[in-house]
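**Q** Chains as they are written, first to last, in the working numbering: chain A, 1 to 364; chain B, 1001 to 1366.
Structure provided below as structure tokens; questions to follow.
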Amino acid sequence: MSGKKRAVLITGVAHTWGSRLASLLEADPEFDALIGIDYMKPEKPFARMEFFQIEPHHPLLPELLKVTGVDTVCHLLFEDAYAPSEEVFDLNVMGTMDLLAACGAGETPRVVLMSDAKVYGAVAENPHFLTEDTDFLGSYRHPYVIHRMEVEKIADRFSRQNPLPKITMLRFANILGFGVDTPMARYLSPQMVPTVFGYDPMMQLTHVKDVTAALYHAVKNDVPGTFNIAGDGFLPLCQMLRLGKKVSLPFGAPFLRLGGKIFQKTPIPDSLPIEEAFLKFPCLGDTARMKNVLGFSPQFTTRETIEDFLENQRLAKYLPKRSRSQADPKAAEKLQDYLMAKRRAQDYLTELIESFNKESGHDQ
Amino acid sequence: MTSNADAARCKATTSKGNPCRNRALPGMELCSVHAGGGRTHGGAQSGPGRDEIAVLLEQILAVLLELRAGMAAQGQIREPDELTRELAAKVLAFCNQKMEVLKRRVDGDYTVDKWGRDLELMAEFHPLASFLFHKYWRVEATGLENIPASGRALLVANHSGVVPWDAVMIMTAVAEREKDPRNVRGLFHSWAASMPVAGLVLQRLGHVHAHPDNAMRLLSEDEAVLVFPEGAKGVGKPFSERYQLARFGRGGFVRSALRTGAPIIPVSVVGAEEIHPVMANAAPLAQLLNLPFLPITPTFPLLGPLGLIPLPSKWSIHFHPAIDLSHVKHGPSGEPLLVSKLTSEVREVIQQGIYDRLKKRKAVFW
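In structure tokens, the structure reads:
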């Protein structure tokens, strides 16, 4: 697609991944027209992206896609829910369905979707490394996994029935990065972490920077298909906890399962943000296709990801609550200009008064 | 006797005005408390509670010292000789080294490979495996040269003996051979992976869950893989059917070898059938506990956990010459037939190897 100006629509630009991808795409001159949609207002205005505060269900979306000639839609409007919620289901699952329908009607050639490696499930019968065409096994409780599975099913059915748009599905392994709210970050944040007694599964992590890099790579290059995305290398769960000097609390699996079920009904449904199955058995994606077909190589390994997270977590304790970096660096200049203008105005005023006084004195 | 004891008492008085009941130090009129500086019990500086404990400790120490002096006089205590001192130093060094390892591991400073194998833990476990191999079962391993020094190989063995010690012994045999020792990856059934602790320990010691994808991936990574096609049917078979091979699964192991071009090395194990003679299988209870089988042996569950100690039978393991599959040509439709033919061929080689060894075996335990 080189040489040709491109038009991209991103959903969920007021959310984590949408806003991060938007700022990457805005810096790339290859992307000419950028349109962002979300149901809520973004925190800060975009440099050149056109923003519409609409939901994916909006009836005018197909027309918008057609008129602007969007070649790639990147659907990132997804919220991680820890307790069943009809509202979030409507946003995550029905939103994807309507968006795919709109892309079909709007003749969009390509859609990039984000998914989670947890859809494969963690069961003892699975092979140690999961290729992209492994069947989904296991049944889950957390909506953020169930909704991803639903989305996968919808996308699979849609691509079998419609030749266009072609779908690029990225299945990310546990996403981790300090300050970004993901299930893995919630699980690893406390100093005491619940684990399952007698199990220590191998784990795979993806750094938040690699998530945006992979999305950017998928939007920029036209590679349809499904890909596992994860950092290189694997670490046992207990070793990750030991690296952070965290205390693991081993519970018997049935107790942990029961505890999770009970807590899900309470106001703190995320007390166990990762289900006990993923703390018992490995759920490791085979990333050969990511490297060979998609041509993407992550910047951070699994070990670097966890170390980066732990370092930032340690440092966060000593940082002031309101960071100085939040202040606008251009504010000083602006302030100076403002003061100069004020001074000039005052000078002008005193001059005026003086001259008036002089005149009136002259009159006397 | 009484007067003698009274004479040995301390001559000082306590702060309460009572005579001190401590024994006097040898050759002195005062006890160890009063001898130094003439302090009284329950002095103003420290609380009475603490002082009493101090007195008690001093008394115990005094008694012990007296006892030791008495024993030394009668020649009951010898100074530790060279041997004891050496042993103590060795034990201390061993404990220190283990503590170092433990400290490092608690800090998370260890490496586990992508299959979950921990070479350091394997090295820690090796002395036990070595003891069982050389001293307990006195394993006679033959045909070790049939395993290539490097590159892929699929070891196929008969399974027996309830607790899969045969896997450990085969792995030890290859890991301890004089020329080109190598680590073999054993494959285990998925129900073991779903068990707490057991699955984890197996994984850390280099075993991998027996899934065709795993076997194929290991072989294409040029690993030596050990597989027991009989599976749970082999380990749980009754004693009356010992050394009769059970069904060889569905021939999945042959398919993995065919697709990766790995040579198949049949392995015959004799002796493992006798370590836990299975008299009956408590199938309903096994179903309740979600186990593939629950054997009843002469010692288990009669002796409880002690019944898990295997009997010291004499073992022999023979590695047969490799069956090369890299030149086998077949069409896409020819594979199933080839698989079933090769499966029965391998089964025949192992069975014949067992019979050959049983013919020569004069006794079970020596």
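Idealized CB from N, CA, C, for every residue including glycine.
Distance, Cα to Cα, Q346 of chain A vs M340 of chain A?
**A** Residue 346 of chain A sits at position 346 when you count from the first residue of the first sequence. Residue 340 of chain A sits at position 340 when you count from the first residue of the first sequence. Cα-Cα distance, rounded: 10 Å.
**Q** Tell me the rounded alpha-carbon separation between V379 of chain A and I1275 of chain B.
**A** Here chain A has residues from 1 to 364 only, and residue 379 of chain A is not among them.
**Q** Grab me the residues of F296 of chain A's own chain with a C-beta within less than 6 Å of its C-beta, minus the 5 sequence neighbours each way, in chain order.
**A** To locate residue 296 of chain A, count along the first sequence from 1; it is residue 296. If we look at F296 of chain A and ignore the five residues flanking it on each side, its Cβ neighbours are A214, H217 and M290.
**Q** Between which two residues does the beta strand (DSSP E) carrying F1239 of chain B extend?
**A** On the second sequence, residue 1239 of chain B is found 239 positions in, with the first residue counted as 1. Careful: F1239 of chain B lies outside any beta strand (DSSP E) and carries neither H nor E.
**Q** Which bits of chain B does P236 of chain A rub up against, with CB to CB less than 8 Å?
**A** Your numbering for residue 236 of chain A matches position 236 in the first sequence. Here the neighbours are V1112 and G1116.
**Q** List the residues of chain B whose Cβ lies closer than 7 Å to the Cβ of L243 of chain A, in chain order.
**A** For this step, residue 243 of chain A is matched to residue 243 along the first sequence. Chain B residues near L243 of chain A: G1108.
**Q** Would you mind sorting G1116 of chain B into buried or exposed? The rule is 16 or more other CB atoms within 10 Å of its CB.
**A** Taking the second sequence and counting its residues from 1, the one referred to as residue 1116 of chain B is at position 116. G1116 of chain B should be labelled buried.
**Q** Can you pull out the residues from the segment 118–136 of chain A whose beta carbon lies closer than 7 Å to at least one beta carbon of chain B?
**A** Across the segment 118–136 of chain A, CB contacts with chain B closer than 7 Å involve A124, E125, P127, H128 and F129, in sequence order along the chain.
**Q** Does the segment 1172–1188 of chain B come into contact with the segment 1220–1227 of chain B, if we say contact requires no fewer than three beta-carbon pairs (one atom in each stretch) closer than 8 Å?
**A** yes
**Q** What does H1209 of chain B pair with, by DSSP beta-bridge criteria?
**A** Locating residue 1209 of chain B in the second sequence gives position 209, counting from the first residue. DSSP, once it has assigned bridges, lists B:F1188 as partnering H1209 of chain B.
**Q** Please state whether DSSP places S115 of chain A in a helix, a strand or coil.
**A** As a first step, residue 115 of chain A is located in the first sequence; it is residue number 115 there, counting from the start. S115 of chain A carries a strand assignment under DSSP once its states are collapsed to helix, strand and coil.
**Q** So is P1196 of chain B in contact with chain A if we call contact Cβ pairs under 8 Å?
**A** To locate residue 1196 of chain B, count along the second sequence from 1; it is residue 196. Yes, P1196 of chain B counts as interfacial toward chain A.
**Q** Indicate whether at least one CB of chain B lies closer than 8 Å to the CB of Y199 of chain A.
**A** Numbered from its first residue, the first sequence carries residue 199 of chain A at position 199. Chain B, which has a Cβ nearer than 8 Å to the Cβ of Y199 of chain A, makes this yes.
**Q** Can the beta-carbon of F1125 of chain B be found closer than 8 Å to that of T1172 of chain B?
**A** Walking along the second sequence from the start, residue 1125 of chain B turns up at place 125. Walking along the second sequence from the start, residue 1172 of chain B turns up at place 172. No.
**Q** Can you tell me the Cα-Cα spacing of V1112 of chain B and G1331 of chain B, whole angstroms?
**A** To locate residue 1112 of chain B, count along the second sequence from 1; it is residue 112. To locate residue 1331 of chain B, count along the second sequence from 1; it is residue 331. It is roughly 40 Å from the alpha-carbon of V1112 of chain B to the alpha-carbon of G1331 of chain B.
**Q** So the beta strand (DSSP E) D1109 of chain B belongs to, where does it begin and stop?
**A** Here residue 1109 of chain B is taken as the residue at index 109 of the second sequence, counted from 1. Taken as a continuous stretch (DSSP letters only), D1109 of chain B belongs to no beta strand (DSSP E), as it is neither H nor E.
**Q** Would you mind working out which of B:R1217, B:E1178 and B:I1296 sits nearest R1259 of chain B, comparing C-alpha positions?
**A** Position 259 of the second sequence, counting from 1, holds the residue named residue 1259 of chain B. Selected option, being the one with the closest Cα: B:R1217.
**Q** Can you find a CB in chain B that lies within less than 8 Å of the CB of Q239 of chain A?
**A** In the first sequence, counting from the first residue as 1, residue 239 of chain A sits at position 239. Interface residue, yes.
**Q** Report the CB separation of L76 of chain A from I146 of chain A in whole angstroms; it is logged as a contact under 8 Å.
**A** Locating residue 76 of chain A in the first sequence gives position 76, where the first residue counts as 1. Locating residue 146 of chain A in the first sequence gives position 146, where the first residue counts as 1. By a beta-carbon distance limit of 8 Å, L76 of chain A does not contact I146 of chain A. Their separation comes to about 19 Å.
**Q** Which residues in chain B sit within 7 Å of M290 of chain A, going by Cβ to Cβ distance?
**A** As a position in the first sequence, residue 290 of chain A is number 290, starting the count at 1. Ordered by position in chain B, no residue passes the 7 Å Cβ test against M290 of chain A, which lies about 16 Å from the chain.
**Q** Is it true that the segment 262–272 of chain A meets the segment 195–209 of chain A, where meeting means three or more beta-carbon pairs spaced less than 8 Å apart?
**A** no
**Q** So with CB distances below 9 Å, who are the chain B contacts of M202 of chain A?
**A** One-based indexing of the first sequence puts residue 202 of chain A at position 202. The answer, in chain order, is V1112, K1114, W1115, G1116 and Q1203.
**Q** Where does I54 of chain A sit, in a helix, a strand or coil, going by DSSP?
**A** In the first sequence, the residue the question calls residue 54 of chain A occupies position 54. Correct three-state label for I54 of chain A: coil.
**Q** According to DSSP, is Q217 of chain A helix, strand or coil?
**A** By one-based count along the first sequence, residue 217 of chain A stands at place 217. Looking at the sequence shown, residue 217 of chain A is not Gln but His. Helix, per DSSP.
**Q** In three-state terms, what does DSSP make of I306 of chain A?
**A** As a working note, residue 306 of chain A is residue 306 in the first sequence. The answer is helix: DSSP assigns I306 of chain A an H, G or I state.
**Q** Note down, in chain order, each residue of its chain lying with its Cβ closer than 6 Å to the Cβ of K280 of chain A, except the 5 sequence neighbours on either side.
**A** As a first step, residue 280 of chain A must be located in the first sequence, where it is residue number 280. Closer than 6 Å at the Cβ level, and outside the excluded window around K280 of chain A, lie V196 and Y199.
**Q** Span of the beta strand (DSSP E) holding I1147 of chain B?
**A** As a first step, residue 1147 of chain B must be located in the second sequence, where it is residue number 147. Per DSSP, I1147 of chain B belongs to no beta strand (DSSP E) and is neither H nor E.
**Q** Assuming E55 of chain A contacts L34 of chain A (C-beta within less than 8 Å), just tell me the rounded distance between them.
**A** In the first sequence, residue 55 of chain A corresponds to position 55, counting from 1. In the first sequence, residue 34 of chain A corresponds to position 34, counting from 1. About 19 Å; that fails the 8 Å criterion.
**Q** Please report how far the alpha carbon of P1292 of chain B lies from the alpha carbon of P1238 of chain B, in whole angstroms.
**A** Position 292 of the second sequence holds residue 1292 of chain B. Position 238 of the second sequence holds residue 1238 of chain B. If you draw a straight line from the Cα of P1292 of chain B to the Cα of P1238 of chain B, it comes to about 14 Å.
**Q** Mapping DSSP to helix, strand and coil, what is D90 of chain A?
**A** Residue numbering aside, residue 90 of chain A sits at position 90 when the first sequence is read from its first letter. In this structure, D90 of chain A counts as helix in the three-state DSSP scheme.
**Q** On the DSSP letters alone, give me the boundaries of the alpha helix (DSSP H) that G225 of chain A sits inside.
**A** Position 225 of the first sequence holds residue 225 of chain A. Unbroken run through G225 of chain A is the beta strand (DSSP E), G225 to I229; no alpha helix (DSSP H).
**Q** Would you check if the distance between the CB atom of Q161 of chain A and the CB atom of L284 of chain A is smaller than 8 Å?
**A** On the first sequence, position 161 is the one that residue 161 of chain A refers to. On the first sequence, position 284 is the one that residue 284 of chain A refers to. No; because the gap between Cβ atoms is not below 8 Å, this pair is not in contact.
**Q** Determine the direct distance from the alpha carbon of R1050 of chain B to that of T1040 of chain B, and round the result to whole angstroms.
**A** As a working note, residue 1040 of chain B is residue 40 in the second sequence. As a working note, residue 1050 of chain B is residue 50 in the second sequence. Confidence in T1040 of chain B is poor, its pLDDT being 45 and thus under 50, which makes the residue's placement too unreliable to answer from.
**Q** For the alpha helix (DSSP H) that S23 of chain A lies in, which residues bound it at each end?
**A** Position 23 of the first sequence, counted from the first residue, corresponds to residue 23 of chain A. Taken as a continuous stretch (DSSP letters only), the alpha helix (DSSP H) holding S23 of chain A covers T16 to E26.
**Q** Give the interface partners of H1207 of chain B over in chain A, defined as CB-CB distance under 7 Å, in chain order.
**A** Here residue 1207 of chain B is taken as the residue at index 207 of the second sequence, counted from 1. Going along chain A, no residue has its Cβ under 7 Å from H1207 of chain B, so there is no contact; the nearest lies around 11 Å.
**Q** How would you write the range of the beta strand (DSSP E) that C74 of chain A sits in, first residue to last?
**A** Looking up residue 74 of chain A in the first sequence gives position 74. Per DSSP, C74 of chain A belongs to the beta strand (DSSP E) from T72 to H75.
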